[in-house]
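**Student:**
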Ligand SMILES: Nc1ncnc2c1ncn2[C@@H]1O[C@H](COP(=O)(O)OP(=O)(O)OP(=O)(O)O)[C@@H](O)[C@H]1O
Ligand SMILES: [Mg+2]
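Protein chains in written order, with the numbering used here: chain A, 33 to 542; chain B, 6 to 313.
1. Here's the rule: buried if 16 or more other CB atoms are within 10 angstroms of the residue's CB, otherwise exposed. What is residue 226/A?
2. In chain order, what are the residues with a CB under 7 Å from some non-hydrogen atom of ligand 2?
3. Is there a Cβ of chain B sitting closer than 8 Å to that of residue 540/A, yes or no?
4. Just checking my contact of residue 208/B with residue 120/B at CB under 8 Å: how many whole Å lie between their CB atoms?
5. Is any heavy atom of ligand 1 found at a distance shorter than 7 Å from the C-beta of residue 95/B?
6. What residues in its chain sit with their C-beta under 6 Å from that of residue 71/B, if we drop five residues either side in the sequence?
7. Which two residues bound the contiguous alpha helix (DSSP H) that contains residue 194/A?
8. Measuring only the C-alpha atoms, how far is residue 209/A from residue 402/A?
9. Using beta carbons (cut-off 8 Å, strictly below), is residue 236/B in contact with chain D?
10. Three or more beta-carbon pairs under 8 Å between the stretch 280-296 of chain B and the stretch 51-63 of chain B, yes or no?
11. With DSSP run on the structure shown, which of helix, strand or coil describes residue 262/A?
12. Between the stretch 20-36 of chain B and the stretch 254-268 of chain B, do at least 3 Cβ pairs fall closer than 8 Å?
13. Measuring CB to CB, does residue 275/A end up less than 8 Å from residue 480/A?
14. Assuming residue 261/A and residue 248/A make a contact with CB atoms under 8 Å, what is their CB distance in whole Å?
15. If you draw a straight line from the C-alpha of residue 115/A to the C-alpha of residue 125/A, how long is it?
16. Mind listing which residues of the stretch 157-176 of chain B have their C-beta closer than 8 Å to chain A's C-betas, in chain order?
17. Hey, does residue 133/A have any beta-carbon neighbour from chain B nearer than 8 Å?
18. Mind reading off the beta-carbon distance from residue 448/A to residue 382/A? Whole number of angstroms is fine, and I expect it under 8 Å.
19. Work out the CA separation of residue 283/B and residue 148/B for me, nearest whole Å.
20. Would you say residue 238/A touches ligand 1, meaning its beta carbon is less than 7 Å from a heavy atom?
21. How many angstroms separate the CA atom of residue 311/A from the CA atom of residue 305/A?
22. When the cut-off is 8 Å and only beta carbons count, does residue 554/A lie next to chain B?
23. According to DSSP, is residue 354/A helix, strand or coil?
24. Would residue 375/A and residue 443/A qualify as a contact pair, given that the criterion is a beta-carbon distance under 8 Å?
25. Along the chain, where does the alpha helix (DSSP H) that runs through residue 268/A open and close?
26. List the residues of chain B whose Cβ lies closer than 7 Å to the Cβ of residue 412/A, in chain order.
27. Quick one: does residue 418/A have its CB under 8 Å from some CB of chain B?
28. Under 6 Å Cβ to Cβ from residue 373/A, same chain only, skipping five residues before and after it: list those, please.
29. Have a look at the DSSP bridge pairing and note the partners of residue 65/A.
30. What are the boundary residues of the beta strand (DSSP E) that residue 152/B is part of?
31. Measure from the alpha carbon of residue 330/A to the alpha carbon of each residue in 157/A, 52/A, 533/A and 65/A, then state which is nearest.
32. Check for me: the beta strand (DSSP E) holding residue 71/A runs from which residue to which?
33. Please report the Cβ distance between residue 128/B and residue 56/B, rounded to the nearest whole angstrom; I am assuming they are in contact, meaning their Cβ atoms lie under 8 Å.
34. Output the distance between the C-alpha atoms of residue 152/A and residue 171/B, rounded to the nearest integer angstrom.
35. Less than 8 Å between CB atoms is the rule here; does residue 206/B satisfy it with respect to chain A?
36. Is the beta carbon of residue 510/A within less than 7 Å of some heavy atom of ligand 1?
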């Protein structure tokens with residue numbers, strides 16, 4: 033069995049790679065050289081073509097033109113199987129583990145040679161031995177669907193190492209990991225590149241990771257290679273310029289003075305709801321969000337934030353308690369959301385806020401397609417109104433899409449997020465509920481989205497912001513509330529907030 | 006001895022016998038459908054496959070004198086229907102449910118067309134093993150006269166249950182059924198796997214049909230199937246895609262179906278026909294009792310169009 037992680041690293045080079053989707057050119061003559069045993073970072077704004085480039089390397093897409101060299105030899109990679117035979121492997125941006133299989137089953141079945149009848153006793157022993165070499169523990173006997181996002185991501189990476197890859201592509205591997213976990217995982221692959229066992233190509237939006245771990249960096253912009261070089265020769269500003277050119281970066285509006293007597297918009301009282309396992313429940317005793325303030329909810333993922341958001345979104349039934357918006361009971365129906373101007377930006381927008389196979393234009397118009405300019409229901413839905421409305425929003429929020437009538441599922445990760453933001457932040461907003469809004473976005477998009485949230489706040493919206501990124505909360509919030517084990521355990525105004533204390537409450541040490 | 010002598014004991018005995026006799030086609034069709042659905046596709050055409058299998062088994066058995074050749078012919082016909090379904094479904098924008106309904110009607114129609122000359126002649130039966138030979142009570146003997154196909158079906162259910170976890174083919178099937186993307190990333194071709202799974206599913210449904218015409222009821226008529234093929238599809242969902250569950254559900258369904266005739270045989274003359282609806286009522290009740298508004302169906306393959 034081939035569960036060894038000591039194999040020789042290989043280098044990969046693309047020459048003149050071009051990829052067109054219909055009339056849209058996602059990659060234009062891109063030549064990137066990832067040398068043997070190096071840790072190479074690939075940067076670029078959302079929709080720049082990073083995922084497309086690596087998917088071409090993996091045989092997932094077939095480039096319109098261009099060649100691939102592996103260890104200097106020209107090869108044809110027609111399918112992921114060919115790539116895998118050459119020792120090339122990839123951790124995709126969206127999970128590719130099979131949810132209903134256990135971790136162990138996922139690992140074994142993805143091996144190139146699987147015996148017809150699997151001897152689980154032997155496999156388990158081999159897996160246990162392999163896992164001992166990993167710096168973290170993973171439960172391999174539960175279904176992948178039951179793992180937390182961070183665990184899934186680690187399992188994806190472990191899977192590639194288990195397969196004994198010589199060249200590994202990581203597409204935004206750390207976006208669902210805590211900083212500590214990211215350190216562990218990247219440290220592990222970094223050590224393997226140092227030992228000459230592995231070559232790594234990592235796509236990332238986080239400059240600090242690039243500087244800390246990578247040797248070389250290449251930058252894509254609108255499908256073209258705009259720069260490449262040694263990490264030590266480049267600072268963050270130079271990388272940023274290669275990514276976006278000389279565009280200005282959106283600056284955060286200065287914070288309008290909060291009014292302590294502002295109207296309470298969202299009020300949650302004695303809320304009780306089952307959590308995702310159905311065994312425990314979340315309890316929100318008392319939470320108010322006033323007009324013109326951002327209340328940030330901090331917490332380690334899996335402490336009930338997701339369930340709380342689902343209750344507010346109407347996706348999860350509640351056992352008890354009340355949610356009121358402006359004094360009116362709120363059950364998240366479409367009519368109520370419209371009457372009270374409640375807007376929602378959930379996490380995993382493709383799953384929670386989009387109809388993947390419907391077009392970009394339709395998805396952007398979900399809130400408004402059935403009303404006219406005065407909020408009256410229309411009797412006839414106008415396709416041209418939908419088009420012009422969404423064209424305006426796509427322009428305004430810089431959503432990169434091949435066309436308005438492409439299915440939203442074909443958009444890059446960051447652009448799906450932008451499309452949802454465009455829909456939710458347009459029009460009058462009294463209450464904005466946001467969860468991890470900057471997940472997977474490039475730095476300029478992050479700046480822009482934070483600026484938009486701040487703008488909504490200054491315009492008088494009450495904002496409830498849930499985020500796993502403490503820096504984001506510290507930057508935006510007026511008050512921070514910590515959620516731990518299904519309850520709100522600590523509250524502090526931003527002026528007195530200390531990362532130390534918040535961290536302790538997040539970890540449940542109080 | 007007659008029914009009155011063993012009195013009311015006749016009812017559970019008849020139910021047991023009925024369960025064994027009636028359930029066999031359900032077992033085969035639902036196991037076939039379980040394989041197909043585990044691969045992420047639904048084949049509603051199995052009703053047509055069942056009827057066509059019944060016809061071809063009967064016809065071949067009449068012509069060759071061998072029920073086993075008839076069985077093979079049915080399996081082969083089922084395989085062809087399954088592969089045809091699988092082949093059409095690989096084209097983009099084709100809906101597997103619609104194709105299934107079309108094939109259901111097509112299979113039955115074709116069977117009636119080719120089957121006309123075989124309504125009169127009689128074919129040899131598939132053999133049964135008299136497990137009840139130790140007793141001299143005819144009811145016991147009748148109930149325990151077990152056809153070999155039932156035993157094969159039971160063994161097959163156990164085998165599939167094991168194979169879904171412990172063989173490469175089983176795991177590949179589950180991978181494809183749960184996530185096409187993951188399968189492609191692994192270098193598997195989901196369409197090929199589904200084609201094979203639909204083919205095998207069709208072959209099993211054909212065997213279920215052979216049982217109908219070659220053992221119980223044991224002749225070829227146009228009304229030979231009373232929707233077993235369709236009910237079996239429901240049984241798979243009811244059994245949560247678990248082969249052992251399919252087997253149990255088929256038995257339960259067969260037993261419930263035998264309730265009406267059994268009551269009639271012990272002399273209940275009124276209202277027994279209500280019990281003919283027992284299997285359907287039972288299915289409904291269990292479906293409602295085991296479903297939940299807040300959970301999606303546990304164990305449902307992720308790529309299945311009805312649960313997506
Ligand atoms: N299958 C497809 N069909 C049509 N267009 C596509 C397809 N896949 C990608 N695109 C387009 O190609 C462009 C590049 O997408 P890609 O996923 O490579 O971006 P990315 O650099 O990975 O961005 P992100 O950081 O948001 O993940 C996008 O504009 C996207 O809409
Ligand atoms: Mg990407």
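C-beta atoms are modelled at their ideal positions from N, C-alpha and C, and glycine is treated no differently.
**Tutor:** Judging by the given coordinates:
1. exposed
2. 82/A, 83/A, 125/A, 203/A, 204/A, 235/A, 444/A and 445/A
3. no
4. 19 Å between Cβ atoms; not a contact.
5. no
6. none
7. 181-194
8. 40 Å
9. Although the question refers to chain D, the structure presented lacks it and instead comprises the protein chains A and B.
10. no
11. strand
12. yes
13. no
14. 7 Å
15. 18 Å
16. 170, 171, 172, 173, 174 and 176
17. yes
18. 5 Å
19. 20 Å
20. no
21. 11 Å
22. What is shown of chain A runs 33 to 542, which leaves residue 554/A out entirely.
23. strand
24. no
25. 268-276
26. Chain B residues near residue 412/A: none, gap ~28 Å exceeds 7 Å.
27. no
28. 460, 461 and 462
29. 45/A
30. 150-152
31. 533/A
32. 71-76
33. Not a contact, Cβ separation roughly 16 Å.
34. 7 Å
35. no
36. no
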